[in-house]
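A quick write-up on the structure given underneath.
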Ligand code: SF4
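Numbering (this note's numbering), first residue to last: 2 to 67.
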């Protein structure tokens, strides 16, 4: 499945996330533009993976329909 033609369902990991938590499409023109343009900062990443995942979950909750 190249790119994310139908978007990514909220609450699920991206299908292009590798087992080592890297992007399988990094450097590939099929990588979604939103991924390439994202500039994460301290408010998004916090100081731990757990913080970042909670923040992402909150963004998905606020912008999704689940
Ligand atoms: S950067 Fe985009 S395409 Fe790559 S793993 Fe993350 S969400 Fe998926």
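The beta-carbon is built from N, C-alpha and C at its ideal position, and this holds for glycine as well.
Next on the checklist: In this structure, how does DSSP classify residue 46 when only helix, strand and coil are distinguished?
Outcome noted: Your numbering for residue 46 matches position 45 in the chain shown. Of the three classes helix, strand and coil, the one that applies to residue 46 here is helix, per DSSP.
Checklist entry - Do you know how far the Cα of residue 57 is from the Cα of residue 46? => result In the chain shown, residue 46 corresponds to position 45, counting from 1. In the chain shown, residue 57 corresponds to position 56, counting from 1. One alpha carbon belongs to residue 46, the other to residue 57, and they sit about 9 Å apart.
Checklist entry - When a residue counts only if its C-beta is closer than 7 Å to some heavy atom of ligand 1, which residues count, in chain order? => result 5, 9, 15, 17, 18, 24, 25, 26, 27, 32, 33 and 36
Checklist entry - Counting along the chain, where does the alpha helix (DSSP H) carrying residue 37 start and finish? => result Numbered from 1 along the chain shown, position 36 holds the residue referred to as residue 37. Under the DSSP assignment, residue 37 falls in the alpha helix (DSSP H) whose first and last residues are 34-38.
Item to check | Three-state secondary structure (DSSP) of residue 57 | outcome: For this step, residue 57 is matched to residue 56 along the chain shown. Looking at residue 57 - three-state DSSP - the assignment turns out to be helix.
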